[in-house]
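Start counting the sequence shown at 1; every next residue gets the next number (the numbering used here).
Even for Gly, the Cβ is constructed at its ideal location relative to N, Cα and C.
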Amino acid sequence: RSKLKELHQRVARTMIYVTHDQTEALTFADKVVVMNTGEVVQIGTPEELFEKPQHTFVGHFIGSPGMNVLTCDIDNGSAVVAGRKIETANRAKNAAGRMEIGVRPEHVVFADKGIDAEIVKVSDAGRFRIVEALAGGHTVKLLAPEGTEIPDRKAKLAFAADKTRIYRDGWLVGEGGGQ
Numbered sequence: 001r002s003k004l005k006e007l008h009q010r011v012a013r014t015m016i017y018v019t020h021d022q023t024e025a026l027t028f029a030d031k032v033v034v035m036n037t038g039e040v041v042q043i044g045t046p047e048e049l050f051e052k053p054q055h056t057f058v059g060h061f062i063g064s065p066g067m068n069v070l071t072c073d074i075d076n077g078s079a080v081v082a083g084r085k086i087e088t089a090n091r092a093k094n095a096a097g098r099m100e101i102g103v104r105p106e107h108v109v110f111a112d113k114g115i116d117a118e119i120v121k122v123s124d125a126g127r128f129r130i131v132e133a134l135a136g137g138h139t140v141k142l143l144a145p146e147g148t149e150i151p152d153r154k155a156k157l158a159f160a161a162d163k164t165r166i167y168r169d170g171w172l173v174g175e176g177g178g179q
């Protein structure tokens with residue numbers, strides 16, 4: 001890989017590199033094309049793919065652990081999960097189609113107010129722990145930095161509003177409230 005990257009920089013030519021390894025793709029490429037079942041679902045820089053996935057497949061495939069995807073209802077443009085309104089970076093005009101929210105594990109936190117959850121697994125990953133919880137019938141993963149107190153069983157989870165997005169049939173709903 002390092003030899004290919006060195007060659008690419010030396011010859012200064014466009015290079016197409018095909019891989020199923022997300023780490024390889026993200027570290028090697030300036031731009032990445034993500035395909036799912038033979039269809040291009042997003043083209044972008046590694047940062048764009050990670051920060052603003054246009055499709056739930058991209059969000060789940062890029063990053064480890066992948067983006068949490070939870071089915072939701074739509075009430076007046078806002079997402080509702082497990083009976084709780086979830087603030088999101090975008091809004092949906094209507095609830096036609098399969099509605100979901102997507103939020104990365106690093107943007108989920110324990111909170112005083114939020115979705116009721118039950119802690120089912122905690123895995124040590126060095127500088128943080130990966131916490132797996134059940135919330136509203138969904139598995140939700142969060143990254144807890146060192147020193148974070150993790151509840152024994154019951155917890156409330158909150159999502160960073162500016163990093164939580166609504167998807168319809170897998171596709172990101174327009175940021176301005178379109179779709």
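For residue 25, the three-state DSSP class (helix, strand or coil) = Within the sequence shown, numbered from 1, the residue matching residue 25 stands at position 25. In the three-state reduction of the DSSP assignment, residue 25 falls in the helix class.
Mind checking which residues open and close the beta strand (DSSP E) that includes residue 42?
-> If you number the sequence shown from 1, residue 42 lands on position 42. Unbroken beta strand (DSSP E) run through residue 42: 39-44.
Cβ neighbour criterion (16 or more within 10 Å) applied to residue 38 = For the purposes of this step, residue 38 is taken as residue 38 along the sequence shown, with counting starting at 1. That one is exposed.
Stretch pair the region 72-79 + the region 27-34: three plus CB contacts closer than 8 Å | no
Do residue 168 and residue 97 have their C-beta atoms closer together than 8 Å?
-> Here residue 168 refers to the residue found at position 168 of the sequence shown. Here residue 97 refers to the residue found at position 97 of the sequence shown. Going by C-beta atoms, residue 168 is nearer than 8 Å to residue 97.
In chain order, what residues of the same chain have a beta carbon less than 7 Å from the beta carbon of residue 24, not counting five sequence neighbours either side?
-> As a working note, residue 24 is residue 24 in the sequence shown. 1.
Taking Cβ to Cβ, would you say residue 119 is nearer than 8 Å to residue 155?
-> Mapped onto the sequence shown, residue 119 falls at position 119. Mapped onto the sequence shown, residue 155 falls at position 155. Yes, these two residues count as a Cβ contact at 8 Å.
Would a C-beta distance cut-off of 8 Å place residue 57 and residue 22 closer than the cut-off?
-> The sequence position of residue 57 within the sequence shown is 57, counting from 1. The sequence position of residue 22 within the sequence shown is 22, counting from 1. Not in contact: residue 57 and residue 22 (Cβ atoms no closer than 8 Å).
At which residues does the alpha helix (DSSP H) containing residue 6 begin and terminate?
-> For the purposes of this step, residue 6 is identified with residue 6 of the sequence shown, where counting begins at 1. Element bounds for residue 6: 2-11.
Residues that residue 71 bridges to, as DSSP identifies them = Indexing the sequence shown from 1 puts residue 71 at position 71. Answer is 100, bridged to residue 71.
Going by the beta-carbon positions, is the gap between residue 186 and residue 157 smaller than 8 Å?
-> Only positions 1 to 179 of the chain appear in this structure, which leaves residue 186 out of reach.
Taking residue 6 as the reference, give the member of 27, 20 and 18 with the closest Cα.
-> Within the sequence shown, the letter at position 6 stands for residue 6. With distances taken between Cα atoms, residue 6 lies closest to 27.
Name the two residues that bound the continuous beta strand (DSSP E) containing residue 120.
-> Working through the sequence shown from its first residue, we reach residue 120 at position 120. From DSSP, the beta strand (DSSP E) with residue 120 extends over 108-124.
If you compare alpha carbons, which of 79, 90 and 116 is closest to residue 174?
-> The residue labelled residue 174 in the question sits at position 174 within the sequence shown. Considering only alpha carbons, the answer is 90.
For residue 67, does the count of other Cβ atoms within 10 angstroms reach 16, so buried, or fall short, so exposed?
-> By 1-based counting over the sequence shown, the position of residue 67 is 67. It counts as buried.
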